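Using the numbering used here, the letters of the sequence shown correspond one by one to residues 3 to 455.
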Amino acid sequence: MPTEPWTSALPPHPEVLGEEDRGHPEFYLVRSQHFCQTGECRWKIAGKHLEHIWVIIKGAASLHLGLESELPKLIVGLPQVLAKVFSQEALESYLPKIQQVIQDTLRVWSSSPDPITVYHESQRLSFHMALRVLLGFRLSDDEMKSLFHTFLDFVDNIFSLPLDLPFSGYRKGIQARDILQKSIEKSILEKLQCNHGKDYADALDVLIESSREHGQELCMQELKVPSQPEFTIELIFAAFATTASASTSLIMQLLKHPAVLEKLREELRSNGILHNGCLCEGALRLDNIFSLKYLDCVIKEVLRLYSPVSGGYRTALQTFELDGFQIPKGWSVMYSIRDTHDTSTVFKDVDSFDPERFNQERCEDKEGRFHYLPFGGGVRTCLGKQLAKLFLRVLAIELAGSSRFELATRTFSRVITVPVVHPVDGLKVKFFGLDSNQNEIMAETDEMLGATV
Numbered sequence: 003m004p005t006e007p008w009t010s011a012l013p014p015h016p017e018v019l020g021e022e023d024r025g026h027p028e029f030y031l032v033r034s035q036h037f038c039q040t041g042e043c044r045w046k047i048a049g050k051h052l053e054h055i056w057v058i059i060k061g062a063a064s065l066h067l068g069l070e071s072e073l074p075k076l077i078v079g080l081p082q083v084l085a086k087v088f089s090q091e092a093l094e095s096y097l098p099k100i101q102q103v104i105q106d107t108l109r110v111w112s113s114s115p116d117p118i119t120v121y122h123e124s125q126r127l128s129f130h131m132a133l134r135v136l137l138g139f140r141l142s143d144d145e146m147k148s149l150f151h152t153f154l155d156f157v158d159n160i161f162s163l164p165l166d167l168p169f170s171g172y173r174k175g176i177q178a179r180d181i182l183q184k185s186i187e188k189s190i191l192e193k194l195q196c197n198h199g200k201d202y203a204d205a206l207d208v209l210i211e212s213s214r215e216h217g218q219e220l221c222m223q224e225l226k227v228p229s230q231p232e233f234t235i236e237l238i239f240a241a242f243a244t245t246a247s248a249s250t251s252l253i254m255q256l257l258k259h260p261a262v263l264e265k266l267r268e269e270l271r272s273n274g275i276l277h278n279g280c281l282c283e284g285a286l287r288l289d290n291i292f293s294l295k296y297l298d299c300v301i302k303e304v305l306r307l308y309s310p311v312s313g314g315y316r317t318a319l320q321t322f323e324l325d326g327f328q329i330p331k332g333w334s335v336m337y338s339i340r341d342t343h344d345t346s347t348v349f350k351d352v353d354s355f356d357p358e359r360f361n362q363e364r365c366e367d368k369e370g371r372f373h374y375l376p377f378g379g380g381v382r383t384c385l386g387k388q389l390a391k392l393f394l395r396v397l398a399i400e401l402a403g404s405s406r407f408e409l410a411t412r413t414f415s416r417v418i419t420v421p422v423v424h425p426v427d428g429l430k431v432k433f434f435g436l437d438s439n440q441n442e443i444m445a446e447t448d449e450m451l452g453a454t455v
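So, in structure tokens, the structure goes:
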């Protein structure tokens, strides 16, 4: 069988991956180190990303567009612009709105007479955070609710077969995308026309202002969904499932380990943030949050044990060898975040939830490179990782300082990893509001089945 021209330049190699399919670089093999440790080495066959997914997100006319190719032509000084979007100064400006969105959400959770499904409600929280904090859209509660359900239709059908037929998942995904596009374009247009100040800056504001500083005025064509969705639908999409997954895992671990939650509350008290059962600081400050070392350990351990994303993809820029096998140039390589965390020798008792492993005395994550990578690594590490960690820190502070919550089922359900890590039942939890003495202010309800924290 004739091979593709690119394969003819490869030297013979006894263990080239997929030797019989060298003309088909869309397939590749990945060895799971986890299986090797248990005495059963396996190779996983994986493929490139399904391109029709990007048709749904971006539109067929812009399938070829990407952050690496077209966006630098549209925004001069892109690296500097993106650095400013997620800089410490920008995070400081986002913080009040992040705290407000989380406080409003916990108030709604506590007012519910029934247990909530944490994973689903965390999706709603992540969506609200993305629209209000990242994009600064000012929508009514009804508009937000309607747009959230539309976005769920979009997400639920993003992996559907690319068959544009009536009632097909693909058609539903396209229709949901178009509705999102119209709403986002309307909000962006209002933002571009608005020159008056406001009480906080969002990521889209920073993007627009930073571009102006580099001598370029962004227009609708460069921000709207069909041509450049990276800062609209993709920003929402990136923040949606992963943040919801991490938020759910955080709540689950605090339920499983009440001693960790109590130690977190003690740190808040010792730093003057929690006093007599209330968050006396009111509005949080970035320097106060970053000074909470145990909180940082808790968030790191949640992301180590339950990394929302299983792995990532990279393309080989040149032919190289790995563990005696040759990886041809142009092939896609998948790395596993979860397997890395599970099999790394630097972590002691890897299956245990142990925030102390990240304290200054142990620093297990500092014993080598690339043993801990919940946000990926290298030049393509997650751009929004500092924002994501800030969100989780604020959520943990508000949970510890203003909430009581308990498992509403007899046991914790098993955790699945597709499409992101989450409990099968979504984690059923009953939340209670607290007064200044940390007494429950909700009316009496039926006794829950799990322990209260």
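Note that beta-carbon positions come from the ideal geometry of N, C-alpha and C, so glycine has one too. As the structure is a computational prediction, the values presented were derived from the model and not from experiment.
Drop a sphere of 10 angstroms on the beta-carbon of residue i, count the other beta-carbons inside from all chains shown, and report buried for 16 or more, exposed for fewer.
{"i": "C196", "result": "exposed"}
{"i": "G386", "result": "buried"}
{"i": "G138", "result": "buried"}
{"i": "Q125", "result": "buried"}
{"i": "T347", "result": "exposed"}
{"i": "V304", "result": "buried"}
{"i": "G370", "result": "exposed"}
{"i": "L297", "result": "buried"}
{"i": "S354", "result": "exposed"}
{"i": "E123", "result": "buried"}
{"i": "S113", "result": "exposed"}
Just the C-alpha distance for residue i and residue j, rounded to the nearest angstrom, thanks.
{"i": "N361", "j": "C299", "result": "6 Å"}
{"i": "L396", "j": "V120", "result": "Note that residue 396 is Val in the sequence shown here, rather than Leu. For V396 and V120, the distance between alpha carbons rounds to 17 Å."}
{"i": "F2", "j": "E269", "result": "Absent from the structure is residue 2, since the part of the chain shown begins at 3 and ends at 455."}
{"i": "V157", "j": "S415", "result": "24 Å"}
{"i": "D356", "j": "T321", "result": "40 Å"}
{"i": "Q388", "j": "I181", "result": "30 Å"}
{"i": "V1", "j": "Q255", "result": "Residue 1 lies beyond the range of the chain shown here (3 to 455); nothing can be said about it."}
{"i": "K358", "j": "V262", "result": "The question names Lys, but residue 358 is Glu in the sequence shown. The alpha-carbon atoms of E358 and V262 are separated by roughly 10 Å."}
{"i": "W111", "j": "I118", "result": "7 Å"}
{"i": "H343", "j": "K295", "result": "21 Å"}
{"i": "F407", "j": "L108", "result": "11 Å"}
{"i": "V431", "j": "G332", "result": "47 Å"}
{"i": "V455", "j": "A398", "result": "13 Å"}
{"i": "L154", "j": "D143", "result": "17 Å"}
{"i": "F129", "j": "A390", "result": "13 Å"}
{"i": "S2", "j": "L394", "result": "Outside the displayed range of the chain (3 to 455) lies residue 2, so it cannot be described from this structure."}
{"i": "P164", "j": "A240", "result": "22 Å"}
{"i": "E94", "j": "Q105", "result": "17 Å"}
{"i": "P260", "j": "L429", "result": "17 Å"}
{"i": "H277", "j": "G171", "result": "51 Å"}
{"i": "L409", "j": "P115", "result": "14 Å"}
{"i": "L167", "j": "L257", "result": "45 Å"}
{"i": "L84", "j": "E366", "result": "31 Å"}
{"i": "E192", "j": "P310", "result": "34 Å"}
{"i": "N290", "j": "L392", "result": "12 Å"}
{"i": "F349", "j": "K188", "result": "49 Å"}
{"i": "R306", "j": "H373", "result": "10 Å"}
Taking only three categories from DSSP, how would you classify residue i?
{"i": "Q362", "result": "coil"}
{"i": "H277", "result": "strand"}
{"i": "K432", "result": "strand"}
{"i": "V335", "result": "strand"}
{"i": "Q320", "result": "coil"}
{"i": "I176", "result": "helix"}
{"i": "L409", "result": "strand"}
{"i": "F292", "result": "helix"}
{"i": "H424", "result": "strand"}
{"i": "V348", "result": "coil"}
{"i": "V455", "result": "coil"}
{"i": "I160", "result": "coil"}
{"i": "T2", "result": "Here the chain has residues from 3 to 455 only, and residue 2 is not among them."}
{"i": "G171", "result": "helix"}
{"i": "G380", "result": "helix"}
{"i": "G313", "result": "strand"}
{"i": "F88", "result": "coil"}
{"i": "F327", "result": "strand"}
Enumerate in chain order the residues of its own chain whose CB-to-CB distance from residue i is below 6 Å, with the five nearest sequence positions on each side excluded.
{"i": "C384", "result": "F377 and G378"}
{"i": "M253", "result": "The displayed chain sequence assigns Ile, not Met, to residue 253. Excluding sequence neighbours, I253 sits near V120."}
{"i": "H424", "result": "Y121, S247 and T250"}
{"i": "N159", "result": "G171, K174 and G175"}
{"i": "A178", "result": "T152, D155 and F156"}
Give every residue of the same chain whose Cβ lies closer than 8 Å to the Cβ of residue i, excluding the five residues on either side of it in the sequence, and list them in chain order.
{"i": "T419", "result": "S312 and R340"}
{"i": "R267", "result": "L276, A402 and G403"}
With a threshold of 7 Å on Cβ separation, who are the neighbours of residue i within its own chain once the five nearest residues in sequence on each side are excluded?
{"i": "S293", "result": "N273"}
{"i": "P421", "result": "A243"}
{"i": "S185", "result": "L149"}
Is there contact between the stretch 259-276 and the stretch 311-329, where contact requires at least three CB pairs shorter than 8 Å?
No, the stretch 259-276 does not touch the stretch 311-329.
Taking three-plus beta-carbon pairs below 8 Å as touching, is the stretch 360-380 in contact with the stretch 393-411?
Contact fails: fewer than three Cβ-Cβ distances are below 8 Å.
Are the stretch 97-104 and the stretch 407-425 in contact at 8 Å, needing three or more beta carbon pairs?
Counting Cβ pairs under 8 Å, fewer than three are found: no touch.
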